[in-house]
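Novice:
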Amino acid sequence: MSVVQERSSLSLSYASSFEDSRPHWLGDSCRCSSEDLYNTIAKLEQEARLAAEIGQTLLQKHDALKHESAQLEKQLALSHDKTRHLERLLHEQDSAMEDLSERHNRANWERHKAEQTLRETEADLEMANARNSQLMNDLKARASELRSTRIALHQADTREQNTRAKLEDAKQELIAAQKSERAIESKHKKLRARYDMLYSAYEKLKLDQQEVPQVAETDDLAWLRESNERLRNEMLRLSLSLEPSEKHQQQQQQHIKELEATNQEMATELTECRERLADTQAQLDTIRLQMEKLLLVSSQQEQSMVLASHTSPPQKKPSSMPVRTLSAVVHHHHHILHHHNNAKCLQDAAVQTQTDDAKDQHVLERLRGTDMRTLNRALNRAFDIKEMNETSNGMIQSILSEMRPKDDLSRDMLTEIGQLRMIINDLQLAYVSKVQEQEEKVIQQQQCNDEQSKGSTSAIGRLMDMVLSSTTLDSSSSSFQDHPKTIPSVVGRLQSWTTEQVTRKRHSMLRPPSVDHTLSHASQD
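Note that the UniProt record's numbering has the sequence shown beginning at 1, numbered continuously upward.
Quick look at the structure:
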């Protein structure tokens with residue numbers, strides 16, 4: 001109705017204006033004598049004017065729609081760029097999420113494995129500690145046995161030395177007795193030879209006496225009787241002098257036999273003690289080898305644990321184990337320190353006992369060598385007690401003078417060892433505190449990684465909101481395509497052309513199917 005009213009008003013105004021602007025050569029009447037000519041002319045003029053105005057308005061609307069379509073195309077290109085950028089970011093976030101999940105699973109698996117190895121090492125260390133305590137007890141028992149055997153060996157050595165000294169004295173007495181026996185035997189041989197000579201002379205005289213007359217028989221018989229009596233007296237004296245020497249020799253032989261028997265007994269005891277000492281030494285060697293093996297194993301385990309705590313874990317494939325929160329790690333640094341202290345104490349005790357025993361034995365041997373009888377035997381000369389006393393006292397004083405600086409040196413070394421022990425304890429405490437700080441840093445880093453993973457999930461949610469907003473923009477652009485259908489048929493061709501161009505550009509800028517798949521996967525996540 002409004003259009004009809006506008007047309008009627010426009011026709012009246014145009015009629016008046018047409019009558020005013022009509023040329024003067026047109027008359028008031030037509031040649032064909034039709035009365036409606038001017039009315040039809042005015043009507044046609046009005047319709048032409050109306051058509052011109054409608055065409056102008058349509059052209060203006062067409063320009064406006066063209067400008068709006070260009071702006072929408074620009075917005076569509078920007079939205080496509082944004083969607084591509086968002087899809088790229090989403091793909092990067094998906095890859096980062098997969099990498100983070102792989103790292104998280106790998107870290108959880110490595111932590112689980114580390115806990116398992118830690119439990120195994122703790123069990124091994126407990127077993128090693130029990131074995132160490134048992135070995136310590138065995139070592140103490142063997143050390144006590146070794147002390148008793150050393151005491152018995154020392155007593156056997158002293159008894160052997162005493163018996164050897166007695167044997168040397170008996171040998172000297174035996175040599176003197178043998179010398180006296182040889183002298184007596186030489187005298188006996190001389191007397192025997194003289195007796196044989198006298199007996200031969202007596203036989204000759206007897207034969208001569210038979211030939212000589214019996215007058216001189218009385219004097220010769222008297223002389224022979226006197227000589228026989230003298231010989232008999234000498235033989236009795238020699239026999240009496242030889243009898244005590246034989247008894248003394250028998251006593252010496254019995255004494256020598258007794259000394260040999262005691263010496264054999266001492267030798268058997270000494271061999272038994274040496275065998276026992278060799279057995280104990282072999283057992284101590286086996287115990288030391290076991291302790292060295294335990295020390296090597298404990299040092300290797302400590303080095304592996306320190307390397308595992310200070311170095312980054314190697315990259316491995318993610319496992320299919322379930323992810324779970326792990327409990328706090330149980331530390332065993334004090335256990336390791338206690339184990340190392342026990343091992344060091346064992347080594348120090350073994351070395352100290354060996355060195356102390358060797359030094360004491362050397363000093364005791366030197367002090368034993370200061371005995372006057374041993375010095376005399378070593379010098380192989382006549383026994384002079386004054387000279388031997390002076391030499392023995394000089395040797396003892398030299399030994400004591402040598403021991404004084406050794407005592408001072410041992411005192412200084414003990415003070416330095418104590419200071420070094422204190423420094424080692426401080427270093428061990430600093431090491432344990434450093435390890436605890438490193439573990440706290442690792443825990444804080446894990447917490448930061450968990451927070452970053454939560455932030456990445458929130459960023460992915462924001463990206464999904466932006467993608468959904470872009471889809472709403474696409475839907476609004478499609479609704480705008482339906483709106484130009486209300487335009488009249490005059491500009492239908494123009495609108496169809498613009499829509500075809502827009503659809504071509506849109507189809508050319510469509511997303512690939514992989515992006516749609518990733519978007520749907522992200523929305524499901």
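Backbone N, C-alpha and C fix where the C-beta goes; we use that ideal spot for every residue, glycine too.
Could you give the C-beta distance for isoleucine 399 and arginine 366, rounded to a whole number, given that I count them as a contact under 8 Å?
Specialist: Rounded, the Cβ-Cβ distance is 6 Å, consistent with contact.
Novice: Out of Ala183, Trp223, Leu139, His67, state which residue places its alpha-carbon closest to the alpha-carbon of tyrosine 202.
Specialist: Looking at the Cα atoms, Trp223 is the closest of the given residues.
Novice: Under DSSP, the alpha helix (DSSP H) around threonine 370 begins and ends at which residues?
Specialist: From DSSP, threonine 370 is part of no alpha helix (DSSP H); its letter is neither H nor E.
Novice: Below 7 Å CB to CB, which residues in the same chain sit around threonine 280 once its five sequence neighbours on both sides are set aside?
Specialist: If we look at threonine 280 and ignore the five residues flanking it on each side, its Cβ neighbours are Arg142, Glu145, Leu146, Thr149.
Novice: Using CA atoms only, rank isn't needed, just tell me which of Pro405, Arg232, Arg159, Glu68 is closest to glutamate 265.
Specialist: Ranking the options by Cα distance to glutamate 265, first place goes to Arg159.
Novice: Between lysine 187 and glutamine 172, what straight-line distance do the alpha-carbon atoms span, to the nearest angstrom?
Specialist: If you take the alpha carbons of lysine 187 and glutamine 172, they lie about 23 Å apart.
Novice: Are there three or more Cβ pairs, one per stretch, closer than 8 Å when the region 282–297 is compared with the region 129–142?
Specialist: Touching, yes, given that three or more Cβ pairs across the two stretches are closer than 8 Å.
Novice: Just checking my contact of alanine 156 with glutamate 269 at CB under 8 Å: how many whole Å lie between their CB atoms?
Specialist: Contact holds; Cβ gap of about 5 Å.
Novice: Quick one, are the C-beta atoms of asparagine 132 and leucine 294 less than 8 Å apart?
Specialist: Closer than 8 Å, so yes.
Novice: What runs of the alpha helix (DSSP H), each 4 residues or longer, lie entirely inside the region 109–137?
Specialist: Segments of the alpha helix (DSSP H) lying fully in the region 109–137: there are none.
Novice: May I have the straight-line CA-CA distance separating valine 435 from alanine 114, to the nearest angstrom?
Specialist: Cα-Cα distance, rounded: 16 Å.
Novice: Please work out which residues of its chain come closer than 6 Å, Cβ to Cβ, to isoleucine 460, disregarding the five sequence neighbours upstream and downstream, and give them in chain order.
Specialist: For isoleucine 460, the predicted model reports a pLDDT of 47, less than 50, meaning its position is unreliable and no value from the coordinates is stated.
Novice: Take the Cβ of aspartate 474 as the centre, count every other Cβ of all protein chains shown within 10 Å, and call the residue buried at 16 or more, exposed below.
Specialist: Caution applies to aspartate 474, whose pLDDT of 46 falls short of 50 and renders its modelled position unreliable; the model cannot decide the point.
Novice: Where arginine 404 and alanine 278 are concerned, what is the direct C-alpha to C-alpha distance, given to the nearest angstrom?
Specialist: Cα-Cα distance, rounded: 34 Å.
Novice: For alanine 152 and serine 410, I'd like the C-alpha separation in whole angstroms.
Specialist: The alpha-carbon atoms of alanine 152 and serine 410 are separated by roughly 29 Å.
Novice: Got a sec? Which residues, its chain only, sit under 8 Å from lysine 190 by beta carbon, not counting five neighbours each side?
Specialist: Closer than 8 Å at the Cβ level, and outside the excluded window around lysine 190, lies no residue.
Novice: Please tell me whether, using a cut-off of 7 Å, the distance from the CB of aspartate 99 to the nearest non-hydrogen atom of the ligand GDP is below it.
Specialist: Among the components of this structure there are no ligands whatsoever, and the ligand GDP is therefore not found.
Novice: Are the beta-carbon atoms belonging to methionine 395 and threonine 415 less than 8 Å from one another?
Specialist: Not closer than 8 Å, so no.
Novice: Counting C-beta neighbours from all protein chains within 10 Å, is the total for threonine 271 16 or more, i.e. buried, or is it exposed?
Specialist: By the neighbour-count rule (16 or more Cβ atoms within 10 Å), threonine 271 is not buried but exposed.
Novice: Could you work out which residue in Gln178, Arg377, Ala70 is closest to lysine 166 when comparing CA atoms only?
Specialist: Out of Gln178, Arg377, Ala70, Arg377 has the C-alpha closest to the C-alpha of lysine 166.
Novice: Expressed to the nearest angstrom, what Euclidean distance is found between the alpha-carbon atoms of asparagine 39 and glutamine 56?
Specialist: So the two alpha carbons sit approximately 25 Å from each other.
Novice: Give me, in chain order, the residues of the same chain whose beta-carbon lies closer than 8 Å to that of lysine 386; leave out the 5 immediate sequence neighbours on both sides.
Specialist: Result list for lysine 386: empty, nothing under 8 Å.
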